[in-house]
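Engineer: Submitted below is the structure of interest, expressed as structure tokens.
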């Protein structure tokens, strides 16, 4: 509830506060059901019974969960942007009323290609560098192997961060992507496309998500600036 008040107390909700007056909190409570989950974990780390209850009512999923740090640790970026898409897909398959799964990707999955770039989906194994083939399972195994080596060598936290960041950049550039962020977002698209089955999936690739154009507060934004 405290976290909910932190969010609904912000200026973006002022229009609704003015409209509903004293009934604002009741209105929000009726419309919003916040759950603290994490896409890095199976079932988002939520209680099975609670997840089952939610899945009965969900008809639209908007997945914007991601780490957008261009040079994030490879393991962190992979867990969130790649395996996170897998967890979202698994949850979507449990939603009996689902009409759409909207996955927010990025225009920069196209890398540094020039000229006319068509909007076409990535297939498993696709890369941006001719003569290479990407195996997502092998990338996961590489991450696990590197983690084990770092642990066996008693690497410091600083050394672990440095190694995992460098690994992400190295793998991204091997396959033609400029940084870890866009590389893992591309793999997330591949995995989602591979696992979707009959799910009604839409993938959007905005260049950037920024401030509100007009309604309800022109120019309003929060978070990364």
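Numbering (the UniProt record's numbering), first residue to last: 1 to 225. Glycine included, each C-beta is placed from N, C-alpha and C at the ideal position. The model shown is predicted, which means the values in this text are computed figures rather than measured ones.
(1) Residues bridged to residue 226 by DSSP?
(2) Helix, strand or coil: which one does DSSP assign to residue 2?
(3) Measure the alpha-carbon distance for residue 149 versus residue 75 and round it to whole angstroms.
(4) Per DSSP, what kind of secondary structure is residue 203 in: helix, strand or coil?
(5) Distance check for residue 84 and residue 163, CA to CA, integer angstroms please.
(6) What residue ranges within the stretch 174–223 form continuous beta strand (DSSP E) runs of no fewer than 3 residues, ordered along the chain?
(7) Looking at the secondary structure, which residues open and close the alpha helix (DSSP H) in which residue 141 lies?
(8) Counting Cβ pairs closer than 8 Å, one from the stretch 171–180 and one from the stretch 45–65, do we hit at least three?
(9) When you compare the CB positions of residue 52 and residue 108, do they come within less than 9 Å of one another, or not?
(10) Just to confirm the assignment, what range does the alpha helix (DSSP H) spanning residue 15 have?
(11) Please classify residue 83: does DSSP put it in a helix, a strand, or coil?
(12) Kindly indicate which three-state DSSP category residue 105 falls into: helix, strand or coil?
(13) Alpha carbons only, please: which of 41, 201, 151, 114 is nearest the one belonging to residue 98?
(14) Whose CA, out of 208, 194, 187, lies closest to the CA of residue 77?
(15) Return the chain-ordered list of same chain residues with a C-beta closer than 6 Å to the C-beta of residue 183, the five sequence neighbours on each side being excluded.
(16) Put residue 33 into one of helix, strand or coil per three-state DSSP.
(17) When you compare the CB positions of residue 92 and residue 191, do they come within less than 9 Å of one another, or not?
(18) Could you pull out every residue in the same chain whose Cβ sits closer than 8 Å to the Cβ of residue 119, ignoring the five residues on either side in sequence?
(19) Below 9 Å between beta carbons: does that hold for residue 151 and residue 73?
(20) Taking Cβ to Cβ, would you say residue 124 is nearer than 9 Å to residue 193?
(21) Let's see if you can read the secondary structure: which residues bound the alpha helix (DSSP H) around residue 48?
(22) Rounded to whole angstroms, what's the CA-CA distance from residue 161 to residue 70? Just pull it up for me.
Structural biologist: Taking the structure as given:
(1) Residue 226 falls outside the range modelled here, since the chain spans only 1 to 225, and no answer is possible.
(2) The predicted position of residue 2 is uncertain, since its pLDDT is 40 and thus under 50; a value taken from the coordinates is nonetheless stated next. If DSSP states are grouped into helix, strand and coil, residue 2 belongs with the helices.
(3) 14 Å
(4) strand
(5) 22 Å
(6) Every beta strand (DSSP E) of 3 residues or more that sits fully in the stretch 174–223 is shown, in chain order, as 201–204.
(7) 136–152
(8) no
(9) no
(10) 14–20
(11) Helix, per DSSP.
(12) coil
(13) Looking at 41, 201, 151, 114, the one whose alpha-carbon comes closest to that of residue 98 is 201.
(14) 187
(15) 172, 177
(16) In the three-state scheme derived from DSSP, where H, G and I count as helix and E and B as strand, residue 33 is classed as coil.
(17) no
(18) 205
(19) A distance of 9 Å or more separates the beta carbons of residue 151 and residue 73.
(20) yes
(21) 48–55
(22) Linking residue 161 to residue 70 through their CA atoms gives a straight-line distance of about 14 Å.
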